[in-house]
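In my numbering, the protein residues as written are 25 to 288.
Contents: one structure, followed by commentary.
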């Protein structure tokens, strides 16, 4: 697995965090918590339908754009998303580079429970421990990034996730990664238009990779989507959903932007 310098920096930080979390809360304790956690909401089901479904993201900062919100209230944001048509909510829990946290995940879950929509944990997940951590903190689904995992570990992560009823969005950035995702039976495929090595965005990437994805898979286009005009070409190609963060966080009227992106 080739890793660019910046991605390696994130992964190195994440490995240290995992050790710290394991020292604080042992896996056995998380396993016990998961057994008492309510059955997760169905992300696949939430993303099906005639319209392109919106996964709206709560995101305080990003490495490419810096701080996105000075007054950041993930629970309030998530409630606004749900009340205006979002099909699911994505929560950044990565601490060092995106200023997220597991506390944000818990807050979002609590604020959206009445809406019964799935919550996605978005982070750099490198160890099965983090899957139990996701479920224990309220996630219904989790992101797995092919570029961050070797094939054996990807297969293991998908297997563990299935055993605890945690759906996975398997994120790819090119055809080679898509092949790996399909090889290991990914059911929900996220195509990230942003190159993790350069941070450049190719808004056509999801459309370019779409023909290589067999029928029956849920397909999500990620990054570089900011208006209904960006969504229309995706709908024509049969893409099921979009994941949008920065455009929502920067919108003058978040509710109207959610309605716009949910209405295509």
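Every residue, glycine too, gets a C-beta built ideally from N, C-alpha and C.
Beta-carbon proximity of residue 143 to residue 111, cut-off 9 angstroms: In this structure, the beta-carbon distance from residue 143 to residue 111 does not fall below 9 angstroms.
Euclidean distance between Cα positions of residue 176 and residue 186: Between residue 176 and residue 186, the alpha-carbon positions lie close to 16 angstroms from each other.
Cβ contact (3+ pairs, closer than 8 angstroms) linking the region 276 to 286 and the region 155 to 163: By the Cβ criterion, the region 276 to 286 is not in contact with the region 155 to 163, since fewer than three pairs of Cβ atoms, one from each stretch, lie closer than 8 angstroms.
Proximity of residue 149 and residue 196 at Cβ, strictly below 9 angstroms: Their beta carbons are not under 9 angstroms apart, which means residue 149 does not touch residue 196 by this criterion.
CB contact flag (residue 29, residue 159, <9 angstroms): Contact flag unset, no.
Cβ separation of residue 41 and residue 156, assumed to be a contact under 8 angstroms, to the nearest whole Å: About 15 angstroms separates the two Cβ atoms, so there is no contact after all.
Inter-residue Cα distance where the pair is residue 138 and residue 282: Distance between residue 138 and residue 282, taken at the CA atoms: about 19 angstroms.
Beta-carbon contacts of residue 216 that lie in its chain and below 6 angstroms, excluding the five residues immediately before and after: Sequence-distant partners of residue 216 (beyond 5 residues in either direction) whose C-beta falls short of 6 angstroms from its own C-beta, in its chain, are 195, 197, 246 and 247.
Contact under 9 angstroms by Cβ, residue 272 with residue 31: No.
Proximity of residue 202 and residue 76 at Cβ, strictly below 9 angstroms: Result no, Cβ atoms of residue 202 and residue 76 do not sit closer than 9 angstroms.
Supposed contact pair residue 70 and residue 113 - C-beta distance, whole angstroms, cut 8 angstroms: Contact flag wrong, Cβ pair sits at about 10 angstroms.
Alpha carbon of residue 125 to alpha carbon of residue 146, nearest angstrom: The straight-line gap from Cα to Cα measures roughly 10 angstroms.
Own chain residues within Cβ distance below 8 angstroms of residue 181, not counting five before or after: Hits under 8 angstroms: 149, 152, 155, 168, 173 and 192.
3-residue-minimum beta strand (DSSP E) runs that sit fully inside the region 209 to 287, ordered along the chain: Fully enclosed beta strand (DSSP E) runs of 3 or longer: 212 to 216, 242 to 246 and 265 to 268.
Outcome for residue 253 when other beta-carbon atoms lying within 10 angstroms are tallied against a minimum of 16: The residue is exposed, with fewer than 16 neighbouring Cβ atoms inside 10 Å.
Collapsed DSSP secondary structure at residue 191 in the structure displayed: When secondary structure is reduced to three states using DSSP, residue 191 falls in the strand class.
Selection from 136, 85, 118 and 58 that minimises the alpha carbon distance to residue 35: Residue 35 has its Cα closest to that of 118, out of 136, 85, 118 and 58.
Under the three-state DSSP convention, the category residue 77 falls into: Reduced to three states, the DSSP call for residue 77 is strand.
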